[in-house]
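A.B. asks:
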Amino acid sequence: MSAPAATSPSPTTASLAVKFLVAGVAGLALTALGYFLTGNHQGVALSYLVGIAYWTAVCIGMLLLVLIHHIVDAGWSTVIRRQFEHGLSAFKWLFVLFLPLLISAWLNPGLVWPWMDLTHVLHGGHGTVGSDVLYQKKASFLNLNMFTGMTVGFFVVWVWLSARLRKASFRQDADGDIKWTFMNRTTAAFGIPLTALALSFAAIYWMKSLEYHWFSTMYGVWFFANCIRAGLAFGMMITFWLCARGDYRGIFNTNQLHCLIALAFAFVVFWAYITFSQYFLIWNANVPEETFWYNIREHGDWVWVGMLLLFGHFFVPFLLWLSYRRKSTLGPALGISIWVAFIILVDLCYNILPALKDAHDDPLPFLSLNLLWVLTSVVGVGGVCVWAYLKSFPTARIIPIRDPRIVESLTHHEATAP
Amino acid sequence: MKETYGLIATFDTTPRFYSACEKVRDAGYSQWDALTPFPIHGLDAAMGVRRSKVPRFSLAGGITGFVTGMSFIWWASAYEYALVVGGKPYFSPMYAFPVAYELTILFTAFATIIGMFLLNGLPMHYHPVLKAPQFVRATDDRFYIVIEARDPKFDAARTRALLEQSGGKDIAELEE
């Protein structure tokens with residue numbers, strides 16, 4: 014293994030960053046046009062929530078991977094950790110992009126989250142939200158002040174942890190001081206429970222509370238599984254990009270790739286375990302307060318979206334990644350990762366969009382114009398996130414060259430030859 | 002006179018040993034082995050060892066376990082003794098899944114262990130190298146290459162010359 018030859022990125026990323034920023038602003042502008050011109054306020058707003066939730070999941074996944082790396086004092090993942098640290102720079106922009114949803118919650122309560130509007134009439138002659146005992150019992154948790162405070166709190170946690178992790182890692186490049194490694198380990202020790210709580214509550218407030226009658230103890234960990242899978246999928250795309258550019262020449266080898274994809278493979282199984290458990294417990298108990306959530310999702314074309322998730326989110330990546338070759342060669346690993354990144358978006362649509370109801374309180378179909386607004390939102394928010402990553406990219410070396418584990422990572426060896 | 006098992010050569014340093022393995026590999030030998038006191042990273046590639054076939058046993062075991070779990074529950078609760086439980090269908094992959102999943106893991110584990118022992122030939126209570134006096138340092142600081150006589154390319158003189166060229170010392174014949 015040669016010494017790390019590439020110390021700073023060779024071709025400039027500035028023009029690429031501008032392209033992503035332009036795409037992002039265009040996506041956001043189209044989403045805003047859709048909101049103001051089509052009159053489909055709720056559809057556009059929920060589609061925008063899909064876009065925000067998706068990219069937040071990607072960033073939370075990267076944050077968790079860095080935190081887990083430090084808490085277990087991992088070796089092999091040192092070479093790719095730097096790219097996740099760049100990805101974390103998007104959190105502050107995600108907060109800025111969340112503000113429209115927060116403002117709409119105050120100006121137009123009930124637009125996205127029905128429980129915010131106490132006068133919202135429940136279907137079937139069940140009165141209003143304010144008179145609903147199931148809301149009243151949850152009112153100390155589900156109210157606008159709590160929602161606002163908690164959402165700000167989530168981003169404070171994520172931005173603050175990211176800033177600490179980035180500072181320590183980047184400073185170590187300059188002075189090589191071991192104290193930065195210990196600082197990151199401390200950050201990880203308290204950061205993991207904080208991040209876990211923040212992402213669970215975010216999933217509950219942002220997505221689960223769209224159907225505030227419903228409850229599932231699996232919901233936070235379902236979002237966690239998607240976060241990690243999203244972080245790893247985008248980690249793989251970044252890896253491929255850096256290999257194609259040549260930055261990773263002599264740095265990234267088959268064994269690190271195999272470890273990265275083996276981790277992604279483990280989380281394929283973990284996602285299936287969690288998602289199946291949620292479905293199975295509700296199916297088995299057969300209590301109307303819980304089953305209605307899945308009944309909504311068996312209406313119209315949503316049943317096929319559920320099937321797509323079952324096979325596309327679990328069986329396809331599971332069976333493909335059983336093979337060693339597809340875990341250890343760049344092309345197949347990238348292809349399957351892109352598919353996973355796409356299907357996570359479908360999973361979020363499956364959880365968010367059925368909150369859009371017709372006059373009979375049935376969900377609006379999946380295949381609708383709203384998918385266009387999902388697309389513009391994902392491109393809009395994503396363009397800004399990728400721009401933030403690319404803006405951070407040239408500010409540090411391609412790998413943490415003075416990390417105490419970097420040599421171990423560069424020479425990482427898996428027991429069997431390819 | 003006992004039959005010859007093969008030739009053994011001793012090496013002092015890892016780099017020399019590593020390149021010797023590459024030479025033996027490139028000479029086209031297939032029935033030979035490298036013996037070291039500790040794992041040497043990358044030696045598999047230097048020896049040209051292919052990936053283990055154990056995963057195929059694992060996959061077969063996993064599929065068997067999954068099919069066993071699903072079909073046994075279908076047979077028991079929907080075919081042989083159909084019984085309504087909790088208002089649920091006689092058979093649904095939902096409730097059969099936890100059992101099928103556990104059996105997948107169990108049978109995969111069994112097949113992996115059995116496959117490993119079938120392929121590696123363990124337990125092995127005797128091996129010809131144990132009779133070579135220089136082999137005592139195999140647990141300390143020496144590295145050995147053993148080329149077996151049953152290898153189709155084996156030729157006492159030429160194989161010995163190859164091992165000598167590669168830097169092997171104390172080259173000796175091993176008895177069966």
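Protein chains in written order, with the working numbering: chain S, 14 to 431; chain A, 2 to 177. Note that beta-carbon positions come from the ideal geometry of N, C-alpha and C, so glycine has one too. A quick note: this is a predicted structure, and the numbers were derived from the prediction, not measured.
According to DSSP, is A/Asp171 helix, strand or coil?
C.D. replies: Looking up residue 171 of chain A in the second sequence gives position 170. Correct three-state label for A/Asp171: strand.
A.B. asks: Pick out whichever of A/Glu165, A/Tyr145, A/Thr109 and A/Pro129 has its Cα sitting closest to the Cα of A/Pro56.
C.D. replies: The residue you call residue 56 of chain A lines up with position 55 of the second sequence. Comparing Cα positions, the closest option is A/Thr109.
A.B. asks: Step through the CB atoms of chain A and report whether any lies within less than 8 Å of the CB of S/Asn297.
C.D. replies: Stepping through the first sequence from its first residue, residue 297 of chain S is reached at position 284. Yes, S/Asn297 lies at the interface with chain A (some Cβ there is under 8 Å from its Cβ).
A.B. asks: Return yes when the Cβ of A/Glu176 is within less than 8 Å of the Cβ of A/Lys54, no when it is not.
C.D. replies: One-based indexing of the second sequence puts residue 54 of chain A at position 53. One-based indexing of the second sequence puts residue 176 of chain A at position 175. Against a cut-off of 8 Å, the Cβ pair of A/Glu176 and A/Lys54 comes out as no contact.
A.B. asks: Would you tell me roughly how many angstroms separate the C-alpha atoms of S/Phe280 and A/Asp156, rounded to the nearest one?
C.D. replies: Residue numbering aside, residue 280 of chain S sits at position 267 when the first sequence is read from its first letter. Residue numbering aside, residue 156 of chain A sits at position 155 when the second sequence is read from its first letter. When rounded, the distance between both Cα atoms is 52 Å.
A.B. asks: For the beta strand (DSSP E) that contains A/Val147, what are its first and last residues?
C.D. replies: Locating residue 147 of chain A in the second sequence gives position 146, counting from the first residue. Looking at the DSSP string, the run of the beta strand (DSSP E) that includes A/Val147 is Phe144 to Glu149.
A.B. asks: Does the beta carbon of S/Phe278 come closer than 8 Å to any beta carbon on chain A?
C.D. replies: By 1-based counting over the first sequence, the position of residue 278 of chain S is 265. Taking Cβ atoms only, chain A never reaches closer than 8 Å to S/Phe278, which makes this a no.
A.B. asks: Do S/Val392 and S/Trp68 have their CB atoms nearer than 8 Å?
C.D. replies: Numbered from its first residue, the first sequence carries residue 392 of chain S at position 379. Numbered from its first residue, the first sequence carries residue 68 of chain S at position 55. No, they are not a contact pair.
A.B. asks: Express the C-alpha separation of S/Cys398 and S/Leu107 in angstroms, rounding to a whole number.
C.D. replies: Looking up residue 107 of chain S in the first sequence gives position 94. Looking up residue 398 of chain S in the first sequence gives position 385. Answer to the nearest angstrom: the Cα atoms are 8 Å apart.
A.B. asks: According to the Cβ coordinates, are S/Asp314 and S/Pro378 closer than 8 Å?
C.D. replies: Residue 314 of chain S sits at position 301 when you count from the first residue of the first sequence. Residue 378 of chain S sits at position 365 when you count from the first residue of the first sequence. For S/Asp314 and S/Pro378, yes; Cβs fall inside 8 Å.
A.B. asks: Would DSSP call A/Ile9 helix, strand or coil?
C.D. replies: Position 8 of the second sequence holds residue 9 of chain A. Strand, per DSSP.
A.B. asks: Where does the unbroken alpha helix (DSSP H) through S/Asp188 begin, and where does it stop?
C.D. replies: Position 175 of the first sequence, counting from 1, holds the residue named residue 188 of chain S. Per DSSP, S/Asp188 belongs to the alpha helix (DSSP H) from Leu157 to Asp188.
A.B. asks: Distance, Cα to Cα, A/Leu104 vs A/Phe58?
C.D. replies: Counting from 1 along the second sequence, the entry for residue 104 of chain A is found at position 103. Counting from 1 along the second sequence, the entry for residue 58 of chain A is found at position 57. Each residue's Cα considered, the two are about 15 Å apart.
A.B. asks: When DSSP labels each residue in this structure, what does S/Thr342 get in the three-state scheme?
C.D. replies: For the purposes of this step, residue 342 of chain S is identified with residue 329 of the first sequence, where counting begins at 1. In the structure shown, S/Thr342 sits in coil (DSSP, three-state: anything other than H, G, I, E or B).
A.B. asks: Once you ignore the five residues that flank A/Gly88 on each side, which residues in its own chain have a CB closer than 7 Å to its CB?
C.D. replies: Here the question's residue 88 of chain A lines up with position 87 in the second sequence. Correct list: empty, nothing qualifies.
A.B. asks: On the three-state DSSP scale, how would you describe A/Glu4?
C.D. replies: As a position in the second sequence, residue 4 of chain A is number 3, starting the count at 1. Coil, per DSSP.
A.B. asks: Listing by chain order, which chain S residues have their CB less than 9 Å from the CB of A/Met117?
C.D. replies: Here residue 117 of chain A refers to the residue found at position 116 of the second sequence. Per Cβ cutoff of 9 Å: no residues; A/Met117 is ~13 Å from chain S at best.
A.B. asks: Rounded to the nearest angstrom, what separates S/Trp296 and S/Phe328 at their Cα positions?
C.D. replies: Position 283 of the first sequence holds residue 296 of chain S. Position 315 of the first sequence holds residue 328 of chain S. Computed Cα separation, rounded: 21 Å.
A.B. asks: Compare the Cα-Cα distances from S/Thr252 to each of S/Asp416, S/Phe97 and S/Thr44 and report the closest residue.
C.D. replies: Taking the first sequence and counting its residues from 1, the one referred to as residue 252 of chain S is at position 239. Nearest of S/Asp416, S/Phe97 and S/Thr44 to S/Thr252, Cα basis: S/Phe97.
A.B. asks: At what residue ranges does the segment 54-121 of chain A contain a whole run of the alpha helix (DSSP H), taking only runs of 4 or more?
C.D. replies: The qualifying runs are 55-75 and 94-121.
A.B. asks: I'd like to check one pair, S/Ser390 with S/Tyr48: are the Cβ atoms closer than 8 Å?
C.D. replies: Your numbering for residue 48 of chain S matches position 35 in the first sequence. Your numbering for residue 390 of chain S matches position 377 in the first sequence. No. Outside cutoff.
A.B. asks: Please give me, in chain order, every unbroken run of the alpha helix (DSSP H) with length at least 4 that falls completely inside the segment 300-344 of chain S.
C.D. replies: Listed in chain order, the complete alpha helix (DSSP H) runs (minimum 4 residues) inside the segment 300-344 of chain S are 301-309, 315-321, 329-334 and 337-341.
A.B. asks: Would you say A/Leu36 and A/Thr160 are within 8 Å of each other, going by their C-beta atoms?
C.D. replies: As a first step, residue 36 of chain A must be located in the second sequence, where it is residue number 35. As a first step, residue 160 of chain A must be located in the second sequence, where it is residue number 159. Cβ atoms of A/Leu36 and A/Thr160: not closer than 8 Å.
A.B. asks: Can you check whether the C-beta of S/Tyr218 is within less than 8 Å of a C-beta belonging to chain A?
C.D. replies: Here residue 218 of chain S corresponds to residue number 205 of the first sequence, with the count starting at 1. Judged by the 8 Å Cβ criterion, S/Tyr218 is not in contact with chain A.
A.B. asks: Label S/Met320 either buried or exposed according to how many other C-beta atoms from any shown protein chain fall within 10 Å of its C-beta, with 16 as the threshold for buried.
C.D. replies: The residue you call residue 320 of chain S lines up with position 307 of the first sequence. Per the 10 Å Cβ criterion, exposed.
A.B. asks: Whose C-alpha, out of S/Ser336, S/Gly204, S/Ser117 and S/Asp145, is nearest the C-alpha of S/Ala176?
C.D. replies: By one-based count along the first sequence, residue 176 of chain S stands at place 163. For S/Ala176, the nearest C-alpha among the options comes from S/Gly204.
A.B. asks: From the DSSP secondary-structure annotation, give me the bridge partner or partners of A/Leu36.
C.D. replies: Reading the second sequence from its first residue, position 35 is the one you call residue 36 of chain A. Looking at the DSSP assignment, A/Leu36 forms a beta bridge with A/Tyr145.
A.B. asks: So S/Thr194 packs on S/Leu80, CB below 8 Å; how close in whole Å?
C.D. replies: On the first sequence, residue 194 of chain S is found 181 positions in, with the first residue counted as 1. On the first sequence, residue 80 of chain S is found 67 positions in, with the first residue counted as 1. Rounded, the Cβ-Cβ distance is 14 Å, inconsistent with contact.
A.B. asks: Which same chain residues end up closer than 7 Å to A/Asp34 when comparing Cβ atoms and leaving out the 5 residues on each side of it in sequence?
C.D. replies: For the purposes of this step, residue 34 of chain A is identified with residue 33 of the second sequence, where counting begins at 1. Excluding positions up to five away in sequence, the list reads Val147.
A.B. asks: In this structure, how does DSSP classify S/His426 when only helix, strand and coil are distinguished?
C.D. replies: Here residue 426 of chain S is taken as the residue at index 413 of the first sequence, counted from 1. Coil, per DSSP.
A.B. asks: On the CB-based measure, 16 or more other CB atoms within 10 Å of its CB, does S/Gly189 come out buried or exposed?
C.D. replies: Along the first sequence, one-based indexing puts residue 189 of chain S at 176. It is exposed - the Cβ of S/Gly189 has fewer than 16 other Cβ atoms within 10 Å.
A.B. asks: Would you say A/Met71 reaches chain S, if we count a Cβ-Cβ gap shorter than 8 Å as a contact?
C.D. replies: Looking up residue 71 of chain A in the second sequence gives position 70. No - not a single Cβ of chain S is within 8 Å of the one on A/Met71.
A.B. asks: Return the chain-ordered list of same chain residues with a C-beta closer than 6 Å to the C-beta of S/His83, the five sequence neighbours on each side being excluded.
C.D. replies: Indexing the first sequence from 1 puts residue 83 of chain S at position 70. So the list reads Asn197, Arg198 and Ala201, once near-sequence residues are dropped.
A.B. asks: Along the chain, where does the alpha helix (DSSP H) containing S/Ile411 start, and where does it finish?
C.D. replies: Within the first sequence, residue 411 of chain S is the residue found at index 398, counting from 1. Neither: S/Ile411 is in no alpha helix (DSSP H) and is coded neither H nor E.
A.B. asks: When the cut-off is 8 Å and only beta carbons count, does S/Pro22 lie next to chain A?
C.D. replies: By one-based count along the first sequence, residue 22 of chain S stands at place 9. Summary for S/Pro22: the model assigns pLDDT 46, below 50, so the residue's position carries little reliability; its value from the coordinates is reported in the next sentence. So no, S/Pro22 is outside the interface.
A.B. asks: Could you check which residue in S/Ala243, S/Phe214, S/Lys221 and S/Asn268 has the C-alpha nearest to that of S/Thr164?
C.D. replies: Position 151 of the first sequence, counted from the start, is the residue given in the question as residue 164 of chain S. Minimum Cα distance to S/Thr164 is reached at S/Phe214.
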